[in-house]
Structures are given as structure tokens and as C-alpha cells.
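Residue numbers (the working numbering): 1 to 210. Ideal placement from N, C-alpha and C gives every residue a C-beta, glycine not left out.
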Amino acid sequence: MHFQIDAEFLIQTFGTFSIPLAKFQAFQVLGSFINGQDAILFKWAEFSVQASSKSLTVNQVLDEVLKSPITTREISESKPLYQTILQTEGKVYCVWSGKQVNRYDIDRIIPFSIWKNNDLWNLLPAQPELNNQKRDKVPAIDLIDQQQELITHYWKILSAARQQRFQKELQIALLGYSQSGDWQQQAFNQLKESCAYLINVRGFDSWLPR
């Protein structure tokens, strides 16, 4: 019998446990640096520096190993999927300006350079010029609040079109397994908290459209 080993399988098989909310929020953003892929990459980079008799630096090694991230295939799948779904709506509005657009990029709410995440909930249509302005910055909390209606509008479209994938990704990244009631509001609140943590604690630049 074949089992898909994912978060749902692990929870059903081994059960659950709880940790304080503040620690959960930190793990949401920094978990991979503590015990996941990023921790392994840093250890490998440190080993490579020692093996090269320190002719290399940690940053040089990391730049090389991160040139082709494992999520390349996910990017190629997610963007066309989103574009196909939006075409059925007829009208597309930039998530950051609210303006109707004919051309748009698919922007990540939380930049890929900060969190290697290509979940559907994190991919939203944006005017190319605003997407270029934002780049690797985190949207300001005031901007997220201002655009809540449009953000959750796109989430509802995606949930209706790809319910199993969208809800699973949202549950793992934003909701956890104890949610109840209004999933849109709960996910939106967690998105704001994650962005606030990145800006206020981690020190990443916030962004507002010019």
C-alpha cells in the first residue's frame, strides 16, 4: 500500500501536540532555519568553507546551492494555473491598487527570497510596475488591511477552483489544524501577524505603492 507522507498523514498517524502561540508564529517563519532545509544548507555551507581551506565563504556556497531551488517546478505549475482561473472571471484587479488591469504579474504576498513558498494563497495578480516596486519587500500592514476584501476575494476564487490543494496549503501555512468558523478571516489575521513579525522583529523592509 502506498502512503503519501505529508502533514495530514503525519497528524493522522502520530497525533498532535501544542506549543505557545508566540513560538508557533516564530516557527511559521523561521522553522526551516531551525531544523529544516535551510539549517542543512547552512551546515553544508560551513562544511564546504572548511573543506576549501576557507578559500570560499558561506555566502558564496549558499549562492551556488540556491541557484536552482527545489520549487522551480511548483512555480511553473502555479502561475499558469492561477492565470487560467482568473481568465474565467473576465476582469482582473491588481491586488495592491484595486485597479482593473489587462496585464498583470503574479506576485507573492510574502516574497520568495524571504519564504520559499509557492502556495496558491500567496500568489496574487499585481500590476507589473507595482510588482517591480515591491520585489523583495513585505507589504505594509496598513496596505494588507486596506486590500483585505480583494485578497480574500481571490482566496475564495482559488478555493472554489482548486479546493483540495488550496485548503491544504492554507491549513499548513496559515491556519493550523485547530481552526473553526470563518477560515478567510482567520487566515487573513495570520497573514497580517506573519508580515508584522517579518517587518517588526526580523527587520525586513515594508512596502507601500508609490
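As a beta-bridge residue in DSSP terms, residue 126 pairs with 105. Following the DSSP letters along the chain, one finds residue 159 inside the alpha helix (DSSP H) bounded by residues 148-161. DSSP places residue 18 outside both helix and strand once states are collapsed to three, so it counts as coil. If you draw a 10 Å sphere on the C-beta of residue 14, you find fewer than 16 other C-beta atoms in it, and that means exposed.
Taking residue 86 as the centre and dropping the five residues before and after it, the same chain places the C-beta of 92 and 125 closer than 7 Å to its C-beta, in chain order. Taking residue 188 as reference, the option from 150, 165 and 101 with the minimal CA-CA separation is 150.
Boundaries cannot be given for residue 89, as no alpha helix (DSSP H) includes it and DSSP labels it neither H nor E.
Here residue 138 carries a strand assignment [DSSP, helix/strand/coil]. Counting C-beta pairs closer than 8 Å gives three or more between the region 111-125 and the region 135-148, which meets the contact rule. Under the DSSP definition of a beta bridge, residue 207 partners with 139.
Measuring C-alpha to C-alpha distances from residue 17 to each of 176, 58, 143 and 88 identifies 176 as the nearest.
Note on residue 190: 16 or more other CB atoms within 10 angstroms of its CB, so buried under the neighbour-count rule. Leaving aside the five residues that flank residue 203 on each side, none in its chain has a CB nearer than 6 Å to its CB.
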